[in-house]
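Accompanying notes for the structure given below.
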Amino acid sequence: MNLLELLHNEKVVRLLEKIDTDLKDITEPSMESNAIFYKIIMIIESLLKNIKHPNSHIGNYLERYFDNQRNIDDYNEDIKMKGVELSKLQHKIDMINAELKDLKYRPLELKDFIDDKCALFASGMIDCYNLTGPYDVTFIVEPEDYGDISINSLDLSDHGYPFTGSYFGNINTLLSAEPNSIYEFDYWELDSNTTIPGNSIADIIIDFIAGDTIIAHFKDPYPYVYLGEDTTICIGQSLALDAQNPGNSYLWNDGSNSKIFVVQEEGTYYVQVNNGLFTASDTIIVKYLSSPEVDLGEDKTICPGETFLLDVTFDQAEYLWQDNSINPTYTISDTGNYSVTITNICGLISDDINVDEGTFPQINIGDDRSFVPGEILVLDASYPNSTYLWQDNSTEPTFIVTKSGYYWVEVTNFCGEITDAIKLDFNMDADFPTAFSPNEDGLNDIFLIENSTIDPDNFQMIIYERWGGKIFETTDMNEGWDGKLKNSEKAKSGTYIYILKYKDAEGTEQFVHGNVTVIR
5 MNLLELLHNE KVVRLLEKID TDLKDITEPS MESNAIFYKI IMIIESLLKN
55 IKHPNSHIGN YLERYFDNQR NIDDYNEDIK MKGVELSKLQ HKIDMINAEL
105 KDLKYRPLEL KDFIDDKCAL FASGMIDCYN LTGPYDVTFI VEPEDYGDIS
155 INSLDLSDHG YPFTGSYFGN INTLLSAEPN SIYEFDYWEL DSNTTIPGNS
205 IADIIIDFIA GDTIIAHFKD PYPYVYLGED TTICIGQSLA LDAQNPGNSY
255 LWNDGSNSKI FVVQEEGTYY VQVNNGLFTA SDTIIVKYLS SPEVDLGEDK
305 TICPGETFLL DVTFDQAEYL WQDNSINPTY TISDTGNYSV TITNICGLIS
355 DDINVDEGTF PQINIGDDRS FVPGEILVLD ASYPNSTYLW QDNSTEPTFI
405 VTKSGYYWVE VTNFCGEITD AIKLDFNMDA DFPTAFSPNE DGLNDIFLIE
455 NSTIDPDNFQ MIIYERWGGK IFETTDMNEG WDGKLKNSEK AKSGTYIYIL
505 KYKDAEGTEQ FVHGNVTVIR
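For the sequence shown, our numbering gives the first residue as 5, with consecutive numbering after it.
This is the structure:
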């Protein structure tokens with residue numbers, strides 16, 4: 005019989021009506037009032053015995069309140085209230101049962117009455133057993149559908165979670181975790197109280213000392229193994245992989261079967277865990293990483309308009325340059341000091357480089373000129389940090405001229421190269437045309453040395469293109485250059501260099517050079 009059925013029972017209605025009448029007749033405490041009081045206590049007991057599934061505020065109130073008291077052994081011998089022993093209470097129960105036909109159903113009055121008497125009952129319990137509390141305790145199931153909790157005889161599955169009740173201390177309370185379906189109990193989680201025998205046992209005893217939130221954790225019956233995310237460690241380090249699940253059997257990728265596997269080299273690692281019924285597995289990839297390295301190189305010189313790139317890319321690293329930029333590359337276009345710090349999980353390293361300003365070489369070995377026979381001329385092409393190449397393949401910064409001729413020098417440094425030339429000769433009776441037009445019109449088609457006192461038996465003329473390539477050569481003063489290249493192709497319009505080697509009237513070997521323009 006549930007609570008609503010009980011409260012609508014004709015006998016119960018009459019009994020409640022009789023109690024209500026008796027209470028109204030009491031004007032002062034007496035033996036009669038005590039007897040009526042114990043009738044009420046027995047009504048409470050009768051109601052409790054008939055309430056299996058509370059579905060009203062009265063039933064909830066009663067069952068939750070008395071639940072902590074139901075595990076007290078033989079309390080009939082100990083509890084005394086208002087000086088009346090419980091042995092007398094049975095007599096009153098019989099009296100009430102005999103008068104059920106006279107009761108009237110009064111639910112509101114019954115609720116108030118029960119509230120008062122339950123408070124009195126609790127006071128008697130505390131006094132009799134020296135209880136502490138009561139303490140508010142909340143019960144939770146994780147995951148919610150994996151199981152349920154029983155508190156003494158109260159199954160919380162009908163009440164829902166979280167469930168909160170008040171419980172006394174200095175008295176043992178029994179908790180039991182019941183898994184649903186295929187799930188298993190895992191452990192209890194508490195904040196303020198201690199369990200006996202321990203948190204990993206489904207059936208435990210608690211003597212409450214404070215309020216608490218108690219969580220019953222359940223789990224799948226399958227073993228759960230997690231080796232972690234794929235990871236990178238430093239060269240020289242090792243990594244311990246834990247397959248968890250104590251008491252299970254293990255099988256690693258190398259055939260070993262320990263719970264712990266120590267990684268000492270890069271690779272992919274795999275484990276199977278078997279609990280006798282089910283198998284689970286997991287895989288992890290472990291990579292090794294070295295400490296960062298960096299070398300910006302020797303200090304450099306940068307030429308006008310030039311840029312160069314510093315690339316310090318390193319695996320899984322972060323970068324910080326002198327201007328707080330964070331890219332692995334850095335483009336330099338100006339002078340200054342440049343530095344970078346590279347960091348990864350294995351360490352950090354820094355380096356710097358100084359960049360100076362460079363310039364293109366500048367030279368001037370003079371203007372074309374004549375000189376007196378026997379005069380010594382020094383051509384100076386000196387420029388800092390440069391190399392030199394003269395027309396005779398000499399490599400000094402200066403060149404001593406002792407005879408007429410065409411002289412040139414190429415000066416090279418870090419930023420580039422430059423060439424300068426000079427013509428030095430004696431005054432001689434010869435006509436050197438500055439231009440000719442080899443278009444085969446019969447007019448000025450040949451570059452020819454005329455009206456000269458040069459010994460024709462000691463004559464040589466060489467024509468060079470502007471880049472130094474020889475395109476014509478003759479030892480016949482009367483031949484001249486017809487404006488064609490060695491392959492008989494016509495030379496393009498432009499300026500060309502001629503060099504004469506001859507002996508003067510005194511028999512002294514001389515050199516003469518100059519420029520001639522081809523006009524097409």
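Idealized CB from N, CA, C, for every residue including glycine. Because the structure is a prediction, the values reported are computed rather than measured.
Exercise. Within the same chain, show all residues whose beta-carbon is closer than 8 Å to that of D299, passing over the 5 residues directly before and after it, in chain order.
Key: D355
Quiz item: What residue from V516, G362 and E182 has the CA that sits closest to N156's CA?
Solution: E182
Quiz item: Would you call the region 317–324 and the region 284–296 in contact, with 3 or more CB pairs under 8 Å?
Solution: yes
Practice problem: Any chance you could list the beta strand (DSSP E) runs of at least 3 consecutive residues sitting entirely within the region 396–473, in chain order? | Solution: 402–405, 409–417, 420–429 and 463–468
Quiz item: In chain order, what residues of the same chain lie with their CB nearer than 7 Å to the CB of T217, ignoring the 5 residues before and after it?
Solution: T142, I144 and D195
Quiz prompt | Exposure of D152, with buried meaning 16 or more beta-carbon neighbours within 10 Å | solution = buried
Quiz item: Leaving out five residues before and five after F186 in sequence, what residues of the same chain have Cβ atoms less than 7 Å from its Cβ?
Solution: Note that residue 186 corresponds to Ile in the displayed sequence, not to Phe. Closer than 7 Å at the Cβ level, and outside the excluded window around I186, lie P225.
Exercise. Kindly indicate which three-state DSSP category L135 falls into: helix, strand or coil?
Key: coil
Quiz item: Relative to the C-alpha of D429, which residue among C419, V413, W412 and S408 is closest?
Solution: S408
Quiz item: Does the distance from the C-beta atom of Y468 to that of I426 stay below 7 Å?
Solution: no
Self-check item: Bridge partner(s) assigned by DSSP for H163
Solution: For H163, which the question treats as bridged, DSSP gives no partner whatsoever.
Quiz item: Is there contact here, the region 198–213 with the region 247–267, by at least three beta-carbon pairs under 8 Å?
Solution: no
Practice problem: Would you please verify whether the beta carbon of V413 is less than 7 Å from any beta carbon of chain C? | Solution: No chain C appears in the structure shown, which is made up of a single protein chain.
Practice problem: Tell me, please, whether the region 433–452 touches the region 486–497 by the rule of three or more beta-carbon pairs shorter than 8 Å. | Solution: yes
Quiz item: Just the Cα atoms here: how many angstroms apart are S260 and E297?
Solution: 37 Å
Quiz prompt | Through-space distance from I330 to E493, alpha-carbon basis | solution = 59 Å
Self-check item: Close beta carbons around D459, own chain, < 7 Å, minus the five adjacent residues each side
Solution: Y506 and K507
Practice problem: Would you kindly work out how many angstroms separate the C-alpha atoms of N278 and G232, rounded to a whole number? | Solution: 19 Å
Quiz item: Taking only runs of the beta strand (DSSP E) that begin and end inside the region 263–330, which ones reach a length of at least 3 residues, in chain order?
Solution: 264–267, 271–278, 283–293, 304–306, 312–315 and 322–325
Self-check item: Per-residue burial, Y230 [other beta carbons within 10 Å of its own, 16 or more giving buried]
Solution: exposed
Self-check item: DSSP state of T236 mapped onto helix, strand, coil
Solution: strand
Quiz item: Which residues in the same chain have their Cβ closer than 6 Å to the Cβ of L504, if we skip the five residues on either side of it in sequence?
Solution: M465 and V516
Practice problem: Under 8 Å Cβ to Cβ from T478, same chain only, skipping five residues before and after it: list those, please. | Solution: Q464, M465, G484 and W485
Quiz item: Taking only runs of the beta strand (DSSP E) that begin and end inside the region 337–394, which ones reach a length of at least 3 residues, in chain order?
Solution: 340–348, 351–361, 381–384 and 391–394
Practice problem: Name the two residues that bound the continuous beta strand (DSSP E) containing T177. | Solution: T177 to P183
Quiz item: In whole angstroms, what separates the C-alpha of I523 from that of G301?
Solution: 53 Å
Exercise. Assuming L383 and Y342 form a contact by the criterion Cβ under 8 Å, report the distance between their Cβ atoms to the nearest whole angstrom.
Key: Not confirmed; about 41 Å, so no contact.
Practice problem: Take the Cβ of W192 as the centre, count every other Cβ of all protein chains shown within 10 Å, and call the residue buried at 16 or more, exposed below. | Solution: buried
Self-check item: Opening and closing residue of the beta strand (DSSP E) in which I209 lies
Solution: D207 to I210
Practice problem: Measuring alpha carbon to alpha carbon, tell me which of N257, Q366 and Y228 ends up nearest L281. | Solution: Y228
Quiz item: Can you check whether the CB of P138 is closer than 7 Å to the CB of S170?
Solution: yes
Self-check item: Buried versus exposed call for L314 [16 or more other C-beta atoms within 10 Å across all chains shown]
Solution: buried
Self-check item: Per DSSP, cross-strand counterpart(s) of V229
Solution: DSSP, once it has assigned bridges, lists no residue as partnering V229.
Quiz item: Shortest alpha-carbon distance to R373 belongs to which of L381, Q366 and I367?
Solution: L381
Quiz item: Around the Cβ of F312, are there at least 16 other Cβ atoms within 10 angstroms (buried) or fewer (exposed)?
Solution: exposed
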